[in-house]
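Here's the structure we're looking at; comments come further down.
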Amino acid sequence: GNSVTQMEGPVTLSEEAFLTINCTYTATGYPSLFWYVQYPGEGLQLLLKATKADDKGSNKGFEATYRKETTSFHLEKGSVQVSDSAVYFCAPNAGGTSYGKLTFGQGTILTVHP
Amino acid sequence: SAVISQKPSRDICQRGTSLTIQCQVDSQVTMMFWYRQQPGQSLTLIATANQGSEATYESGFVIDKFPISRPNLTFSTLTVSNMSPEDSSIYLCSVEGGGGGEKLFFGSGTQLSVL
Numbered sequence: 340g341n342s343v344t345q346m347e348g349p350v351t352l353s354e355e356a357f358l359t360i361n362c363t364y365t366a367t368g369y370p371s372l373f374w375y376v377q378y379p380g381e382g383l384q385l386l387l388k389a390t391k392a393d394d395k396g397s398n399k400g401f402e403a404t405y406r407k408e409t410t411s412f413h414l415e416k417g418s419v420q421v422s423d424s425a426v427y428f429c430a431p432n433a434g435g436t437s438y439g440k441l442t443f444g445q446g447t448i449l450t451v452h453p
Numbered sequence: 052s053a054v055i056s057q058k059p060s061r062d063i064c065q066r067g068t069s070l071t072i073q074c075q076v077d078s079q080v081t082m083m084f085w086y087r088q089q090p091g092q093s094l095t096l097i098a099t100a101n102q103g104s105e106a107t108y109e110s111g112f113v114i115d116k117f118p119i120s121r122p123n124l125t126f127s128t129l130t131v132s133n134m135s136p137e138d139s140s141i142y143l144c145s146v147e148g149g150g151g152g153e154k155l156f157f158g159s160g161t162q163l164s165v166l
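Line order of the protein sequences matches chains B and A. The first sequence begins at 340 in this note's numbering and counts up one residue at a time. The second sequence begins at 52 in this note's numbering and counts up one residue at a time.
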């Protein structure tokens, strides 16, 4: 089965700082890769995704590139805001028809201070 | 998009009892997924529920402990049976959506505490 190693937190940054959250995975086949985010008091929601090698997913200023050769999907943002404070989860899926079978990383808590 | 209503949002239960969690979706979906998030840990898939067939359980989860019903395309229940404190977790219902079905929508979760 799949496995995910995600950068441990918590991560604390000042506003406008650069963010990287590392994520590497092991998987059989060719999974799609996802970053999910959980804002305080809210449910889990999709932040971005990439479905094949070299694809770049982007949303809300966040980016992540599907690196098949290094089996990585690192999340980056050039200038974080206080509103980005949340828990971030990296998750490959099982591929094929099993879209919903995600393997989640342990989550990285991000806190951004003004 | 899909809107998922999950009930109850939280509960405190006694050891040895059972709790049934309901998940209602505002559109018809083929597959529904139940995840568990134990305190301080990540999400783990419990089972996949298809309408009209038995749920498929992941390694480490069994039907006797986590029976699932899927009576129609918009509703599912997960029961946590014979609870122990180790079952204290957040339980989340999710469904596929979006173009290509590769996006998951999650309910807000049920926070279960077992005393």
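Where a beta carbon is used, it is the ideal one built from N, C-alpha and C, also for glycine.
With DSSP as the reference, label residue i as helix, strand or coil.
| i | result |
| --- | --- |
| B:Ser422 | helix |
| B:Glu415 | strand |
| A:Asp62 | strand |
| B:Tyr364 | strand |
| A:Ala53 | coil |
| A:Met82 | strand |
| B:Ala433 | coil |
| B:Tyr369 | coil |
| A:Leu166 | coil |
| B:Phe428 | strand |
| B:Thr450 | strand |
| B:Gln445 | coil |
| A:Thr161 | strand |
| A:Thr68 | coil |
Answer yes or no: do residue i and residue j have a C-beta to C-beta separation smaller than 9 Å?
| i | j | result |
| --- | --- | --- |
| A:Leu155 | B:Leu386 | no |
| A:Ile55 | A:Ser145 | yes |
| A:Cys107 | A:Thr99 | The sequence shown places Thr at residue 107 of chain A, rather than the Cys named in the question. Cβ distance < 9 Å, so A:Thr107 and A:Thr99 count as in contact. |
| B:Gly396 | B:Lys416 | no |
| B:Ala430 | B:Leu414 | no |
| A:Thr128 | A:Thr68 | no |
| B:Leu383 | B:Asp423 | no |
| B:Thr409 | B:Thr365 | no |
| B:Ser371 | B:Asn432 | yes |
| B:Phe439 | B:Tyr427 | Looking at the sequence itself, residue 439 of chain B is Gly, so the reference to Phe does not match. Cβ atoms of B:Gly439 and B:Tyr427: not closer than 9 Å. |
| A:Gln75 | A:Gln57 | yes |
| A:Ser159 | B:Glu381 | yes |
| A:Val165 | A:Ser132 | no |
| B:Ala403 | B:Trp374 | yes |
| B:Thr363 | B:Gly340 | no |
| A:Pro118 | A:Thr130 | yes |
| B:Val451 | B:Val421 | yes |
| A:Glu153 | B:Thr390 | yes |
Would you check whether the ligand COA has a heavy atom nearer than 8 Å to the C-beta of residue i?
| i | result |
| --- | --- |
| A:Phe126 | Among the ligands in the structure shown, none appear at all, so the ligand COA cannot be discussed. |
Item to complete: Quick one: which unbroken beta strand (DSSP E) runs of 3-plus residues sit fully inside the stretch 372-411 of chain B? Chain order, please.
Response: Uninterrupted beta strand (DSSP E) stretches at least 3 residues long and entirely within the stretch 372-411 of chain B occur at 372-377, 383-389, 395-398 and 401-404, given in chain order.
Worksheet item: Of all the residues that make up the stretch 414-432 of chain B, which are near chain A by a beta-carbon distance shorter than 9 Å?
Response: Residues Phe428, Ala430 and Asn432.
Item to complete: Closer than 9 Å, Cβ to Cβ, to anything on chain A: give me those residues from the stretch 442-453 of chain B, in chain order.
Response: Across the stretch 442-453 of chain B, CB contacts with chain A closer than 9 Å involve Thr442, Phe443, Gly444, Gln445 and Gly446, in sequence order along the chain.
Worksheet item: Any residues in the stretch 345-360 of chain B with a beta carbon nearer than 7 Å to a beta carbon of chain A? Which ones, in chain order?
Response: Contacts with chain A (Cβ-Cβ distance below 7 Å) from the stretch 345-360 of chain B involve no residue at all.
Worksheet item: Do the stretch 79-96 of chain A and the stretch 128-145 of chain A touch if we need at least three Cβ pairs shorter than 8 Å?
Response: Using a Cβ-Cβ distance cut-off of 8 Å, the stretch 79-96 of chain A and the stretch 128-145 of chain A are in contact, since at least three pairs of beta carbons, one from each stretch, lie closer than that value.
Fill in: Length at least 3, wholly inside the stretch 84-156 of chain A: the beta strand (DSSP E) runs in chain order
Whole beta strand (DSSP E) segments, 3+ residues: 94-101, 119-123, 126-131 and 140-148.
Worksheet entry | Residues of the stretch 64-77 of chain A whose Cβ lies closer than 9 Å to any Cβ of chain B, in chain order | If the cut-off is 9 Å between Cβ atoms, the stretch 64-77 of chain A has nothing near chain B.
Discussion item. Please list, in chain order, the residues of the stretch 127-149 of chain A that have any C-beta partner in chain B closer than 9 Å.
Written reply: Going along the stretch 127-149 of chain A in chain order, one finds Leu143, Ser145, Val146, Glu147 and Gly149 with a Cβ nearer than 9 Å to chain B.
Worksheet item: Quick one, which residues of the stretch 379-392 of chain B are near chain A if we go by CB-CB under 8 Å, in chain order?
Response: Those would be Glu381, Gly382, Leu383, Gln384, Leu385, Lys388 and Thr390, in chain order.
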